[in-house]
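Take a look at the structure below.
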Amino acid sequence: MSQLIWNGLFVGSFYALVALGYSMVYGIMKLLNFAHGDIYMLGAFTGFAILGAVGGISPGMALPALLGVLVVTMGVTGLSGVLLERVAYRPLRNAPRLSLLITAVGASFTLEYGMRAAAGADPQVYPLRLGGTSAEILGARITLQQIALIIVAVALMVGLNLLVTRTREGRAMRAIALDPRTSALMGINVNAVISRTFFLGSALAGAAGVMAGAYYGKIDFLMGFLIGLKAFTSAVIGGIGNIPGTMLGGLLLGLLESFGTFWLGGEWRDVFAFGVLILFLSVRPTGLLGERVTERV
Amino acid sequence: MSLLSVEDLRLSFGGLLAIDGLSFTVGEAEIVSVIGPNGAGKTSAFNCVTGFYRPTAGRILLSGREITGMRPSGIAGLGVSRTFQNLRLFGEMSVLDNVRAGAHLWLRQNFVDALLHTPRYRRTERECTEQAHHWLDFVGLRGDRFGEARALPYGEQRRVEIARALARRPALLLLDEPAAGLNHGEKAEMLALIRRIRELGIATVLIEHDMGLVMEVSERVVVLNFGREIADGRPEDVRRDPAVIEAYLGRDDEDDEDDTDDTDDTDDTDDTDGKGGADGKGGADDGDGGGDGDA
Amino acid sequence: MTAPGATRAPALGRAASRLLDSRWAGLAGLVLALLAPFVIATPYALSVMTSAAIFVMLASGLNMVVGFCGLLDLGYVAFFAVGAYTSGVLSTRLGLPLLATVPVVIVVTVIAGVVIGAPTLRLRSDYLAIVTLGFGEIIRITANNLDVTGGPSGIYGIPSLATSPVVFYYLTVVIVSVAVIGASRLGRSRLGRAWRFVREDEDAAEAMGVHTYKIKLAAYIAGAVWGGLAGVLFAGQLSAISPGSFTFLQSALVLMAVVLGGMGSTPGVVVGAIVISLLPEVLRDFAGYRFFAFGVLLIIVMLVRPQGLWPHRSREASS
Amino acid sequence: QGLLGGDSQAGDGKGPIVLGMLIPQSGSEAAIGPYMKNAADLAVEEINGKGGVLGRKLELKVADDACDAQTAVAGANKLVTEGVQVSVGGYCSGATLPTLPIFGKANIPMIIPAANSQELVDQHLKHVFLINGTGSQQATAAMAWITKRGAKSVALVHDNTSYSKDIAVRTQKLLDEPGGPEAAILEAVTPKESDYSANINNILAKKPDFVYWTGYFQEGGLIIRQLRQSGYKGAIMVGDGSVSEKLASIAGDAGEGVFATMTQTPDTLQGAEGWVASYTKKFGSAPGPYTNQAYDGVRLAAEAIKNAGATDGAKVIAALEGIDGFQMFSGPLKFTPDHTLSAGGFQILVVKSGKFALQDALK
Amino acid sequence: MATLEVEALDVHYGGVHALRGMSLTVGEGEIVALLGNNGAGKTTTLSAVSGLVRPTAGKIVFDGADVTRARPEAIVRAGLVHVPEGRRVFSTLTVHENLQIGGYLVRDQAEIRKRVDRVYSLLPRLAERRTQQGGTLSGGEQQMLAIGRALVSGPRLLLLDEPSMGLAPLVVASVMELVREVNAEGVSVLLVEQNAKAALKIAHRGYVIESGACVLGGSARDLRGDSRVVEAYLGGL
Ligand SMILES: Nc1ncnc2c1ncn2[C@@H]1O[C@H](COP(=O)(O)OP(=O)(O)OP(=O)(O)O)[C@@H](O)[C@H]1O
Ligand SMILES: Nc1ncnc2c1ncn2[C@@H]1O[C@H](COP(=O)(O)OP(=O)(O)OP(=O)(O)O)[C@@H](O)[C@H]1O
Ligand SMILES: [Mg+2]
Ligand SMILES: [Mg+2]
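Residue numbers (the working numbering), protein chains in the order written: chain A, 1 to 297; chain B, 298 to 592; chain C, 593 to 911; chain D, 912 to 1274; chain E, 1275 to 1511.
This is the structure we're talking about:
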């Protein structure tokens, strides 16, 4: 039982990590950024390329090396996100919201198959592995990396939440989400704030990509698709644009999958997870922590 | 039996009592104004009557039938129509389509008619369009009625909203600040419009901050403050009610210098002595003709 | 009274826009579709054109839900699957001809529309999106796991509606045309206007007596029936169906057809659907780069025409 | 060619003989396509190098099926339109099934190198030949090795695709017969994910001493790694879809000692070392899943055309039915009345220092 | 020197020619009223000045700098703040956050706090509703919030689009008083108002616009006396 919970939490924190960026971008532009998962993929491959270029790394240096790679990768994916927004999303700011969906899917295809052209369709094996020293805690087998990963995810969540709810930048993000035109009248540089949001969100996705590569060991050009969907799901369950909600949403999805697998078997897992989600949303239509918007008439 | 009767209505948002025991009635073809300071609960009362808010307590009866807690479309189905304080037009649809929305409830047409374009379909569509034009003429829309509603200037949008509400063929019409954003001449037209609506036998409840209009057109005035009713009576009585002056209108000596023109129009004896009413009426009567000249 | 604001389109422009307006353009499109096999009738061309026609039907069904009513549905393929599987199972297990399964398909898809729509249509669009996505996945996985549906390898040996691909193509074109016209007529009727009211402003629609919930459900059901019938055609065309045809990606592609063409515009979604279904075929020779090129083209097209290829015009012809 | 224009299909005695190959080049299975295409290219090149068939060169036309039925149907029609004379493709069963009638109507024989679901066989179509071992043959081989190893409790893990589930379910049936080892659990995983800990949790709860993974190498490598990380000590075996060096490199150290059920491979076949070398030299990577089947498919097509003395569909089909003793990786070929391999020629391989080596020929 | 100079401005919305050679000036420390019928182009003029819509011709000079093509945020930075038509408060932000957003460009937190407190004291109703979501305020309360929000940004030129709309008579008076006070502190004001009497009472000068161009301009006193203005906007004879 505790193993189930732990597994769910761990997988969930991965979802949450990707979902945080997704949620921020979604929150500010109401854009289903289908390419977000592919930024995650891009992150994994960037890390892979850097490690390959650097050459062998002694096992003792694995963690510091990983941190270095992480930082560089975050920069790269962050900039890619900014570029993506600049090229594919910004020109459509005043178009119907769903028009962005097309360019997002287009960007997703472009990234995926661009990577396929660059790195091949075959999966790549990460040159750096986080070995598994595990310990038994409360009857669950837990590895150090898992704990580290969860700590990172939670820390990012807390930091982001502070940023969004407490700072001027965060207020600007929320204002833009509500009404970009009026935000500009407040002196907010809408484009710059959106760019920064994309940078942050994409950097997070890139970090998650590297961590996934190092933890699981295998990356391929389609690795972002499924996790992108799950991140979207997590972000929505949590309450769109709500950072702690997104985190909880990711964890909840992880737990649902874990328990669904246990109770109904792997083949019915997603039916269970989505079934519960649908029931949940029909009772609580704005997600876990989503604000109930009372719109005046 | 009165058309609308609101009995001891209460509405709270968390700790805030937006409406606190409001009761009033509206008779057939009567024009009743609801006035009060900002945040007094006027719009909230409309929202309760039209089903957008569920009252915390109290009853709302329409022709003796209880409608408390029904969904808005159900209440609309019983003949209640409204406009919104913050315009709620279907912005990306044509002006004509906006007014056609009013026809939704009486248009007898089903999906088979629509798929096969039966004679009934053609007839009802034609009728619907004719009606839409009719009501746009009725409210005196000047702007382009085939283009998007959101492209109209603010004041014109107000007229479209009223036309839409009228196309519903209501027994009771609720207007939330119809004269906001209109200049003097346009207000006169609005006044005339409200009178013409009454002539159709439609009862009207009006929220307005423009005292000139309110005093001119209402048969009865209900005054709210902090969700409570502080006066209910004929306009001239309400105007003199000290509680109303205190809470809402302001004292004469204050307003003769600084206060709104409209209060002045009807209040200030030295300025437009006795003409406030006549002037309003005059503007109203030749409103259609004069309106064009203004534009 | 005529007003200064009333704009009058120049006669020429109006004539042009009339010509472009659905009826003539639609007729021209239909003629084009009917003549195409006389120009090119290779099995390949026919199969691609048939698929495109079926895709048009899907898109016009989804257009009622997304374009007209503004409900973001990311799991539209669920109805496609329900239709395909219902007719597939009935025709192979009970030996019914495909045509005979149509009434059952309609009933089943209506039920599916209600089942999926009823609990979820109260949700706001983003939440609705995830719930519909979930339903799409649930249907696919269920088909993958059950025995009646043939598990992961699906059902094979479904009888076709016609003996030759050419006849099947013509049959498809006729059915799809009827469906497209039907959708467009619904869109211009009282019901269709109500859909647009709901899309634009639910509160205002309620105030005008539009029971928004029922109206949305109606859009859902209509979309479901269209999708289901497209599923029947699909089963007839392929003769074998499997869960792999009903993935989320397929839903996304149909949605893209709607948006790319121009939401709420009938000629738009027809064009959009044709583009989305033909483009990958046109790019087929790029093999591995196919989807790369597809992605780039999608972005470019959208940047050039942000409102869609053939957007809906809200201006009415003054009559 | 339009309805008015009449057909002018190529197919006469001149020009190259065209072989068609439908494989996934995009979509979720895109990784497989290149392996099969490379192998086919290699075979075509070799045969052309020796003068071709019937004095004509071979030409390979490849179409993407994206592992999706509709794309596959369009692709198949495209191949038919381009005048393909024999089809040597077919990887995903779901995408291959709807193409059968298309090739059938055009009277084009199909040599299917990879797809092997029972539904392909059940229709008893005259033009369809499967040269991959069937699920039941593989299951039998797996069962033999499980028994030989003395395992008691077996966990069967598949990825819910028809190919993988078929092997797992058939193995389960064999295990369910009284006596011998038991099937502990039939577990399905979702392909294309990274974390299988929930599934592994289910598996370990049943305390098996043998795990048989019947899916592909991408997930296989991860599952092996995560099984070992979770403390599983028993034996692990994978199906032929997982036989790729990538499996071992994804699994890392955990991959050592993993068994596999596999038809004969160049590595295990005497005299085939040179083939691996030339493949690796030409394409810069080692052969992967279904490389040898795709290679054999082309060779078989050439052989049948040669025997038939013509490219006419009916004659080639007859020639294929008549083939006896043609040497393939999987052994000498003779089709059963079902048009499948008589014996799968399955062997047991084992991972040794990152490579698959023969463990037991199961003779 | 004039704070704002608008010269021969043209604005098109698609096919609609909304401004046709609009010109006006706002002098340093002036309150200038802009009167006109519905659709005359008042809102469009303000939107063009604040950078929300792009003029097709003409020139806008603010404080000697050409801002015709500047982006809205740059214009705000220069000290020109626009209270838009229809209030446009941020609906799910609280009243307090809405006010803070007004001070987005102000780096000094203490200064923002000071200005917000000042708004609270000028418009006490807002203080009562500090934590309420902007979107749930009553119409008049939202109008107060929109005005208060602009004040927090500390403008040098304030564009007000129908600030009295939806306000109770007493509040109209106090808002007009507030505008006068702000003006007394050196802020120039361009005021669009349908309540012409109230506007002309506090304005120094005014313009009447029709069909996208000024047809009349002059001191408030002159306008109050002009028969055309009286007839159309003031309602006297
Ligand atoms: N959904 C809500 N949540 C919280 N408070 C609300 C909500 N709706 C209204 N209120 C509060 O209830 C009070 C009454 O609001 P209402 O809109 O009815 O006022 P009003 O009389 O129409 O004022 P105005 O003349 O300014 O339009 C206001 O103080 C408002 O802030
Ligand atoms: N988005 C738009 N699209 C098309 N036309 C528009 C748009 N906005 C305004 N217009 C047109 O521009 C003209 C000027 O409109 P504007 O809103 O500036 O008028 P206004 O003087 O502010 O009127 P009001 O007193 O009603 O607010 C009008 O004819 C209007 O129809
Ligand atoms: Mg109100
Ligand atoms: Mg305006």
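Using N, Cα and C, we set each Cβ at its ideal position, and we do this for glycine too.
Asked	Found
I'd like to confirm something about D1435 of chain E: is its beta-carbon nearer than 7 Å to some heavy atom of ligand 4, or not?	yes
In the DSSP assignment, what are the bridge partners of T1299 of chain E?	E:E1279
Label W616 of chain C either buried or exposed according to how many other C-beta atoms from any shown protein chain fall within 10 Å of its C-beta, with 16 as the threshold for buried.	exposed
Checking the sheet assignment: what are the DSSP bridge partners for I934 of chain D?	D:D975
Please name the residue, chosen from E:T1299, E:V1426, E:H1286, that lies closest to Y1481 of chain E on a Cα-to-Cα basis.	E:T1299
How close, in whole Å, do the beta carbons of S1160 of chain D and V18 of chain A come, if the pair is a contact with beta carbons under 8 Å?	About 25 Å separates the two Cβ atoms, so there is no contact after all.
Given a cut-off of 8 Å on the beta-carbon distance, is the pair Q1049 of chain D and I1096 of chain D in contact?	no
I need the DSSP call for A581 of chain B, collapsed to helix, strand or coil.	Reliability fails at A581 of chain B, whose pLDDT of 37 lies under 50, so the model's placement of it is uncertain and the value that follows must be treated cautiously. Reduced to three states, the DSSP call for A581 of chain B is helix.
Secondary structure at H1356 of chain E, three-state DSSP: helix, strand or coil?	strand
Check whether the Cβ of Y451 of chain B sits closer than 7 Å to any heavy atom of ligand 4, and report yes or no.	yes
Mind checking G139 of chain A: buried by the 16 CB within 10 Å criterion, or exposed?	exposed
Can you round the beta-carbon distance between A411 of chain B and S781 of chain C to whole angstroms, since I take them to be within the 8 Å contact cut?	3 Å
Taking all protein chains shown into account, do 16 or more other C-beta atoms lie within 10 angstroms of the C-beta of A1225 of chain D, making it buried, or fewer, making it exposed?	exposed
From D975 of chain D to G931 of chain D, what does the alpha carbon distance come to, in whole angstroms?	11 Å
Compute every distance between the C-beta of T1319 of chain E and the non-hydrogen atoms of ligand 6, then say whether any falls below 7 Å.	Inclusion of ligand 6 in the displayed structure is not the case, the ligand content consisting of ligand 1, ligand 2, ligand 3 and ligand 4 alone.
Any heavy atom of ligand 1 inside 7 Å of the beta-carbon of R1381 of chain E?	no
Going along chain C in order, which residues have a C-beta closer than 7 Å to the C-beta of P1012 of chain D?	S831
Beta carbon of R1361 of chain E: closer than 7 Å to some heavy atom of ligand 2?	no
Per the DSSP calculation, R791 of chain C is bridged to which residue(s)?	According to DSSP, R791 of chain C bridges with nothing at all.
Closer than 7 Å: is that where the CB of T261 of chain A sits relative to any heavy atom of ligand 1?	no
Since Y26 of chain A sits in a beta bridge, which residues does DSSP pair it with?	Answer is none; Y26 of chain A lacks a bridge partner.
In chain C, what lies closer than 9 Å to E267 of chain A by C-beta?	I733, N736, N737
Would you tell me roughly how many angstroms separate the C-alpha atoms of G1408 of chain E and E1402 of chain E, rounded to the nearest one?	13 Å
Rounded to the nearest angstrom, what separates D952 of chain D and Y1206 of chain D at their Cα positions?	8 Å
Taking 7 Å as the cut-off, is the C-beta of S1412 of chain E nearer than that to any heavy atom in ligand 3?	yes
Please state whether the Cβ-Cβ distance between G399 of chain B and R456 of chain B is less than 8 Å.	no
Who are the near neighbours of I28 of chain A in its chain, counting only those whose CB is closer than 7 Å to its CB and skipping five residues on each side?	M173, I176, A177, I194, T197
In whole angstroms, give me the CA-to-CA distance for G1325 of chain E and S837 of chain C.	50 Å
Between which two residues does the beta strand (DSSP E) containing F1267 of chain D stretch?	1266 to 1271
Within 10 Å of its beta-carbon, does T1174 of chain D have 16 or more other beta-carbons around it, so buried, or fewer, so exposed?	buried
For G1353 of chain E, count neighbouring Cβ atoms within 10 angstroms of its own Cβ and tell me buried if that reaches 16, exposed if not.	buried
Name, please, each residue of chain C whose Cβ falls closer than 8 Å to the Cβ of Q382 of chain B.	Those within 8 Å of Q382 of chain B in chain C number zero; the least Cβ separation is about 12 Å.
Would you check if the stretch 388 to 398 of chain B and the stretch 429 to 438 of chain B touch, i.e. whether three or more CB-CB distances between them fall below 8 Å?	yes
Are the C-beta atoms of D1106 of chain D and some chain A residue less than 8 Å apart?	yes
Would you verify that the beta carbon of A177 of chain A is, or is not, closer than 8 Å to some beta carbon of chain C?	no
I151 of chain A lies in the alpha helix (DSSP H); which residues open and close that run?	144 to 166
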